[in-house]
Amino acid sequence: MLRRILFWLALALVIFYFAFPLYWIVISSFKTIADVTRATPAMLPFVDFQQTLANYSSILLGTNIESETGVQAAASLGEFRERLLNSVIISGISTALAVGMGTLAAYAFSRFRIPGEGDLLFFILSTRMLPPVVVLIPIFLFFSNLGLRDSYLGLIILYTSANVPFVVWMMKGFFDEIPLEYEEAAMVDGYSRIEAVWKIVIPEAIPAMAATAVFSAIVAWNEFVLSNLLNRNYASTVPPYLNSIVGVGQVEWGRLAAAAVLFVIPIIVFTFLVRNHLLRGVTFGAVRR
Amino acid sequence: MASLDMQQVSKSFGRTKALSELTLSIKDGEFLILLGPTGAGKTTTLRCVAGLEKPETGTISINRENVVGLSPAERDVAFVFQSYALYPRKTVFENMAFPLQARRLSPQEITRQVEEIASKLRITELLQRRPTELSGGQQQRVALGRAMVRRPQVFLMDEPLTNLDFKLRVEMRAELKRLQKELGATFFYVTNDQVEAMSMADRIAILDHGKLQQVDVPEDVYSRPANQFVAAFVGSPRMNFMPCSVDSSQRRLVGSGWHMVLAGDALERLSKGSGLRYVFGVRAEDVQVTREANHETIAGKVYVTEPLGDRTLLDIQLGETMMKVKVPATFVTHPGETLHLRFDAQRFHLFDQQSGETIV
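Sequence lines, in order, name chains A and B. The working numbering puts the first residue of the first sequence at 6, with every later residue one more than the last. The working numbering puts the first residue of the second sequence at 24, with every later residue one more than the last.
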């Protein structure tokens, strides 16, 4: 009995630890400036504070927020929507490219005898060992000369190349688990290798690809440093924008929380869409079939 | 259906020689079984024929057309894998339709052909299931069905019965043999189970360390093994082997603690020097066991008795060696009893101790 109580207590603690910050951001996004800055925090909507949609309408529609302390300057009209679109385009394309190219490379590593395979795999992994910040200045100069600053292409190239090693390593492990006989059977059955891979191996690998895509998308979606430095205007993504809301002088917690909530929703939706594949992908190979 | 011809096929993996100059022909409509221990190169042979491995040298011809260099898809062979390799995301019907779709047949035609084969294999009621919902025996039938719908030139089968339980394996042996005759198909079948090979094959090819040892009809592989390896590998219990030498003056074979008088022209066939060492081989059922001694018998002590029901297997200690001997179940004995063995001058084998080649 005591064990059960302790178990539920521990579980409640863990859930609180992970869920409370999210809860806090969500309720903050519905608070007025007065409520969000109150000394005794307001915890329950409808009870402790009167919720408002002003933060969202400010973020999305560029309306002003009025309060006792005066009118708060509105965000420039539609800026968040543009940034969100940029984030979706850059993360989406770079994830698709990384998963696509990484999957093909992983297939080759898994199925063919490649001279120096171990060294090549280590080389691919080693590109992830250097923190991006270290190469920030060279990248900045490269991109300036190549005209890649403030472009979709620039960040797509960077995010893709950052995620490919991860995809290669993950997918190689998954492909190693898929019996070679499947595609051999398909090849004997009258298909070329490409057709066999497309019709038999890829459908088997979809759970793994979904799991890998979620992880890659999260990396690209949340990336701040490179985006903040390279894409200041036209192709800027959401994370630097969130930073800009913090702004000068007073921190606009309400609007920041609203923007953060809106920023998290797409990645949650994406994870939700692939959730059926996800669990199988993450636990792939853990169970002997 | 077609003939298959392999000439001087060699294949290595790194420094390991998997196949060395394998030459083997399979006639149109023949059931040929490639038999050998694990690691002999049997599967490699099949994979070379299927085009899944590329041999370094040699030619492989299907219907007198060299297929080396053709992709697996272009060879028109069917491969039944030991693991069956059924596509897990496809239903039984889709699995069987898959090779036909590659040929761009119309959906009606595919359905017709799949249903025809399914009824022949009695798996019609399984067509909408997925492979994971099938028993091992059912999966085996589906794998066969997927091979059969294609009506390929040659069926390649890699130990297809190994994963089945004993009872099912025995049933499937008869079934496979019947199907092969019914289809008039060319079967190239690989196994390490000599009973399977003896019971199904038109001819058996025995492979060891990538080298072909013998190709013959089952009876001849059993009664006229080409060398000591074949003699040891085929037959259960294993053939008894004892070193011996030839005493040509008295026309007999001499081993440690026993001798056997040779009959007829046997001595002439091993006339090359009497001092040479040989290996004497005799099968358990070719040894006569009596309780009366005479000048032709050799005394031995019963070590273990293994009743098999219809027969009893005796382990008999003969000098330093142990022999397995089969006696009728009515012959009752017990460990420790001294019995007398007589070798039949017509039913024994003699191998060169160095090369293992059969001499008599």
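Cβ coordinates follow ideal geometry from the N, Cα and C atoms, glycine included. Bear in mind the structure is a predicted one, so any value in this text is a computation, not a measurement.
Exercise. Determine the extent of the beta strand (DSSP E) in which W281 of chain B is found, giving its start and end residues.
Key: W281 to V284
Quiz item: Exposed or buried, which one is V302 of chain B when buried takes at least 16 other CB atoms within 10 Å?
Solution: buried
Practice problem: Kindly list the residues whose CB is nearer than 7 Å to the CB of S33 of chain A, restricted to its own chain and excluding five residues on each side of it in sequence; keep chain order. | Solution: V41, W258, G259 and A262
Practice problem: Anything in chain B within Cβ reach of E186 of chain A, meaning under 7 Å, just list it in chain order. | Solution: F104, S106 and A108
Quiz item: Quick one: what does DSSP say K65 of chain B is sitting in, helix, strand or coil?
Solution: helix
Quiz item: According to the Cβ coordinates, are P330 of chain B and A307 of chain B closer than 8 Å?
Solution: no
Quiz item: Alpha carbon to alpha carbon, how far is F121 of chain B from D194 of chain A?
Solution: 7 Å
Quiz prompt | Opposing strand residues paired with Q311 of chain B [DSSP bridges] | solution = B:R365
Self-check item: Secondary structure of R164 of chain B, DSSP reduced to three states
Solution: helix
Quiz item: Listed from N- to C-terminal order along the chain, which residues in the stretch 260-286 of chain B have their beta-carbon within a distance smaller than 9 Å of any beta-carbon of chain A?
Solution: none
Exercise. Work out the CA separation of T37 of chain A and I20 of chain A for me, nearest whole Å.
Key: 27 Å
Quiz item: Got a sec? Which residues, its chain only, sit under 6 Å from F210 of chain B by beta carbon, not counting five neighbours each side?
Solution: F54, F178 and Q203
Quiz item: DSSP state of H282 of chain A, grouped into three classes?
Solution: helix
Practice problem: Could you tell me how far apart the beta carbons of I146 of chain B and V165 of chain B are, in whole angstroms, since I believe they sit closer than 8 Å? | Solution: 6 Å
Practice problem: With 8 Å as the threshold, decide whether the Cβ of R19 of chain A is near any Cβ in chain B. | Solution: Sequence inspection shows Val at residue 19 of chain A; the Arg mentioned does not correspond to that position. Not an interface residue.
Practice problem: For V310 of chain B, return the contacting residues in chain A, with the cut-off set at a CB-CB distance below 8 Å. | Solution: Under the 8 Å cutoff, chain A gives no residues; its nearest Cβ is about 45 Å from V310 of chain B.
Quiz item: Whose Cβ in chain D lies nearer than 8 Å to the Cβ of S197 of chain A?
Solution: Protein chains A and B are contained in the structure displayed, whereas chain D is not.
Quiz item: Do three or more CB pairs link the stretch 194-204 of chain A to the stretch 50-69 of chain A at distances below 8 Å?
Solution: no
Quiz item: Is the Cβ-Cβ distance between L47 of chain B and V238 of chain B less than 8 Å?
Solution: yes
Practice problem: Anything in chain B within Cβ reach of I207 of chain A, meaning under 9 Å, just list it in chain order. | Solution: Near I207 of chain A there are no residues of chain B at all, since even the closest Cβ is about 11 Å away, more than 9 Å.
Practice problem: Go through its chain and collect everything with a Cβ distance to K34 of chain B's Cβ below 7 Å, but skip five positions before and after it. | Solution: A41, L42, T67, C71, E76, P78 and E79
Quiz prompt | Sequence-distant residues of the same chain with beta carbon closer than 7 Å to R293 of chain A, five excluded per side | solution = At R293 of chain A, the pLDDT of 39 sits below 50, so the modelled position is not reliable; the number obtained from the coordinates is stated separately. No residues qualify anywhere along the chain.
Quiz item: In three-state DSSP terms, what is K234 of chain B?
Solution: strand
Exercise. May I have a chain-ordered list of the beta strand (DSSP E) segments no shorter than 3 residues that lie completely inside the stretch 211-265 of chain B?
Key: 226-231 and 234-239
Practice problem: Apply the 10 Å Cβ neighbour rule to N281 of chain A and answer buried if 16 or more other Cβ atoms are within range, or exposed otherwise. | Solution: exposed
Exercise. Within its chain, find whatever has a CB closer than 6 Å to the CB of G290 of chain A; leave out the 5 residues flanking it on each side and keep chain order.
Key: With a pLDDT of only 46 at G290 of chain A, under the threshold of 50, the placement of this residue in the model should not be trusted; the figure read from the coordinates follows. Excluding residues within five positions, the ones whose Cβ falls inside 6 Å are E182.
Practice problem: Tell me whether D124 of chain A is buried or exposed, calling it buried when 16 or more other Cβ atoms sit within 10 Å of its Cβ. | Solution: exposed
Self-check item: Short Cβ contact (8 Å threshold) for S115 of chain A with K177 of chain A
Solution: yes
Self-check item: Closest by C-alpha distance to P212 of chain A, when choosing among A:L283, A:F268 and A:W29
Solution: A:L283
Quiz prompt | Buried/exposed call for Y28 of chain A, threshold 16 Cβ in 10 Å | solution = exposed
Self-check item: Runs of alpha helix (DSSP H) wholly within the stretch 129-180 of chain A (minimum 4 residues, chain order)
Solution: 141-151
Quiz item: Between B:V355, B:S279, B:D309 and B:A197, which lies nearest to S268 of chain B when the distance is taken from Cα to Cα?
Solution: B:S279
Self-check item: Reduced DSSP secondary structure (H/G/I, E/B, other) of M346 of chain B
Solution: strand
Practice problem: Please look up how many angstroms separate the CB atoms of L187 of chain B and Q163 of chain B, rounded, as I've assumed it's under 8 Å. | Solution: 6 Å
Quiz prompt | Touch test, the stretch 240-254 of chain B against the stretch 84-100 of chain B, Cβ-Cβ under 8 Å, three pairs minimum | solution = no
Practice problem: List the endpoints of the continuous alpha helix (DSSP H) containing L331 of chain B. | Solution: Segment: none, L331 of chain B is in no alpha helix (DSSP H) and carries neither H nor E.
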